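Undergrad:
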Amino acid sequence: MVKHVFLISGKRKCGKDFCCSILYEILKNSYNVKIVGVSYSLKHQYAKQFGLSYEQLLTEGSYKEQYRENMIVWGEELREKDPSVFCREAVRMAGECDILIVSDCRRISDLDYFQSQFPNDHTTIRISASIPIREKRGYKFKAGVDDALSECGLDDYDFKYYFENESTEEYARTFFSSVEAVELK
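Number 118 in our numbering belongs to position 117 of the sequence shown; there are no gaps in the numbering.
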């Protein structure tokens with residue numbers, strides 16, 4: 002049974018996966034921890050429906066990028082009918098665990114779902130990085146992607162924690178260790 006959920010949000014190339022990995026490393030010796038993404042379940046269903054490689058859609062390469070815009074449109078169509086469709090699937094894909102790290106909350110409906118399922122046992126964290134840092138990580142603005150709801154839906158949300166991911170791994174480890182100490186005491 003899930004004891005706590007960390008809900009991670011941030012723009013493309015801000016380092017969400019890096020931060021989730023740090024948090025996972027901090028927690029794994031004391032808890033059964035799983036990292037899931039709302040986008041993992043979206044990509045899984047998209048790959049299944051269109052005969053694509055799920056594994057390739059999970060990578061940072063050009064394979065995923067050639068389908069990104071269509072995946073966004075397809076995902077929005079499904080979310081219009083059921084805003085929690087990919088959140089529910091992400092939890093199902095995670096299976097049994099003590100701690101669930103959701104690596105890519107992008108919409109209010111994502112946060113609403115997890116907060117309703119884990120009302121007293123969740124923590125929201127916004128990861129950010131400046132555009133120059135994100136560009137060093139491969140970011141290039143793309144209309145229809147970077148100005149879409151999937152990137153901007155939580156820009157005005159009041160997260161519990163904010164982490165500017167522009168420094169060292171040690172700095173990230175210190176930040177996430179302090180979050181763990183407060184949230185899982």
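From the three backbone atoms N, C-alpha and C, an ideal C-beta is built for every residue, glycine too.
On a predicted model such as this, the values are computed, not experimentally measured, just so you know.
Pull up the DSSP beta-bridge partners for GLU165, would you.
TA: SER129
Undergrad: With C-beta atoms as the reference, is LEU101 less than 7 Å away from VAL3?
TA: yes
Undergrad: Identify the continuous beta strand (DSSP E) that holds VAL6 and give its terminal residues.
TA: Unbroken beta strand (DSSP E) run through VAL6: 5-11.
Undergrad: Within the same chain, show all residues whose beta-carbon is closer than 7 Å to that of GLY11, passing over the 5 residues directly before and after it, in chain order.
TA: LYS17, ARG127, ILE128 and SER129
Undergrad: According to DSSP, THR124 sits in a beta bridge with which residue or residues?
TA: PHE7
Undergrad: By the 10 Å Cβ neighbour count, where 16 or more other Cβ atoms means buried, how is THR163 classified, buried or exposed?
TA: Per the sequence shown, the amino acid found at residue 163 is Tyr instead of Thr. Exposed, because fewer than 16 other Cβ atoms sit within 10 Å of the Cβ of TYR163.
Undergrad: DSSP has VAL34 in a bridge; who is on the other side?
TA: ILE100, per the DSSP bridge assignment.
Undergrad: Which term fits CYS153, buried or exposed, when burial requires 16 or more other beta carbons within 10 angstroms of its beta carbon?
TA: exposed
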